[in-house]
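**Q** Numbering (the numbering used here), first residue to last: -9 to 180. All residues carry an ideal CB built from backbone N, CA and C; glycine is no exception.
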Amino acid sequence: MILEFSSESARSGRPNERPDERLFCQKNDVRRDWPVDSVPPHRYVERTMNSNTQTLKLDSQLDPGMQTMLDTLVEIIRKTSTEMPDDVTRAIEAGQKVEADSSSAKYAMDIICDNIGLAKKKSQPLCQDTGTILFFIHYPAGTDYDVFQELIKRAVAFATQKGYLRQNSVDSLTGENNGTNVGPGSPAAA
């Protein structure tokens, strides 16, 4: 799963006007955007030191811009985990049609096609292993990267709780699964 946050500028064409810079997140046909100034640096992050480990907590009440970003992340996670891209679905269906009716391949393709439809209809993961969650983040100068990291963790934990992701991430040393898909190195962000 790859999600990308970027910023872009748009000019109205009037001279001496500052560009309207906006932050957006897009995955396939889902795109949401916000004015950059709705994501102020350092405003939402409380840093605390705990056993030489820095932890981040967002304020309990998110402003509408931050809540919209969180909701968008959850929706994009849902779509990428539960909906097969249309071109892939068409290719699988085309393969299904050319297989002999009584073949094992036809049986397997039937199950795959049924699973694609059920996953989309019920918003359940397409696969037992929904993969490594990786976010590519490009953000405007002055924006606090730690805020994005915390929003990503919250979105992944919520998406896991809702059943959009399976509880697959485990601690590599202890084997413990906290049921959130959030831990050291998970989700990954670059």
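1) Does the segment 162 to 178 come into contact with the segment 105 to 115, if we say contact requires no fewer than three beta-carbon pairs (one atom in each stretch) closer than 8 Å?
2) Closer than 6 Å by C-beta to PRO177: which residues in its own chain qualify, once you throw out the five before and the five after it? Chain order, please.
3) In whole angstroms, what separates the C-alpha of LYS152 from that of ASP161?
4) Just tell me which of ILE127, GLY173 and ASN158 has its CA closest to the CA of LEU63.
5) Taking DSSP as the reference, what is the three-state secondary structure of GLY121?
6) Please go through the same chain and pick out, in chain order, the residues whose beta-carbon is closer than 7 Å to the beta-carbon of THR72, but skip the five residues on each side of it.
7) Starting from GLU83, follow the alpha helix (DSSP H) in both directions and report where the run begins and ends.
8) Just list the residues that DSSP pairs SER176 with in beta bridges.
9) Where do the ends of the alpha helix (DSSP H) carrying GLY55 lie?
10) ASP119 CB to nearest chain D CB: under 8 Å?
11) Taking the CB atoms as reference points, tell me whether GLN86 and MET74 lie closer together than 8 Å.
12) Please report the distance separating the alpha-carbon of PHE14 from that of TYR129.
13) Quick one: grab the DSSP three-state call for GLY153.
14) Assuming ILE67 and ALA149 make a contact with CB atoms under 8 Å, what is their CB distance in whole Å?
15) Using a 10 Å radius around the Cβ and a threshold of 16 neighbouring Cβ atoms, would you call THR164 buried or exposed?
16) Helix, strand or coil: which one does DSSP assign to ARG22?
**A** Reading it off the structure:
1) no
2) Along the sequence shown, read from residue 1 onward, the residue named residue 177 stands at position 187. Counting only Cβ-Cβ distances below 6 Å, and skipping sequence neighbours, we find ILE123, ILE142 and VAL146.
3) On the sequence shown, residue 152 is found 162 positions in, with the first residue counted as 1. On the sequence shown, residue 161 is found 171 positions in, with the first residue counted as 1. Going by the C-alpha atoms only, they are around 21 Å apart.
4) Residue numbering aside, residue 63 sits at position 73 when the sequence shown is read from its first letter. Closest option to LEU63, Cα to Cα, is ILE127.
5) The count along the sequence shown starts at 1 and reaches residue 121 at position 131. Coil at GLY121, not helix or strand.
6) Within the sequence shown, the letter at position 82 stands for residue 72. So the list reads ALA109, LYS110, SER113, GLN114, PRO115, LEU116 and TYR154, once near-sequence residues are dropped.
7) On the sequence shown, position 93 is the one that residue 83 refers to. It spans 76 to 88 - the alpha helix (DSSP H) in which GLU83 sits, taken as one unbroken run.
8) Against the sequence shown, residue 176 aligns to sequence position 186. For SER176, which the question treats as bridged, DSSP gives the partners GLY173.
9) For the purposes of this step, residue 55 is taken as residue 65 along the sequence shown, with counting starting at 1. Residues 54 to 72.
10) Although the question refers to chain D, the structure presented lacks it and comprises just one protein chain.
11) Here residue 86 corresponds to residue number 96 of the sequence shown, with the count starting at 1. Here residue 74 corresponds to residue number 84 of the sequence shown, with the count starting at 1. No, the Cβ-Cβ distance between GLN86 and MET74 is not below 8 Å.
12) If you number the sequence shown from 1, residue 14 lands on position 24. If you number the sequence shown from 1, residue 129 lands on position 139. A caution first: PHE14 carries a pLDDT of 45, below 50, which makes its placement in the model too unreliable to give a value.
13) As a position in the sequence shown, residue 153 is number 163, starting the count at 1. Of the three classes helix, strand and coil, the one that applies to GLY153 here is coil, per DSSP.
14) For the purposes of this step, residue 67 is taken as residue 77 along the sequence shown, with counting starting at 1. For the purposes of this step, residue 149 is taken as residue 159 along the sequence shown, with counting starting at 1. Confirmed, about 4 Å.
15) As a working note, residue 164 is residue 174 in the sequence shown. So THR164 ends up on the exposed side.
16) The residue you call residue 22 lines up with position 32 of the sequence shown. Bear in mind that a pLDDT of 48 at ARG22, under 50, signals an unreliable position, so the number given afterwards is only what the model happens to contain. In the structure shown, ARG22 sits in a strand (DSSP, three-state: E or B).
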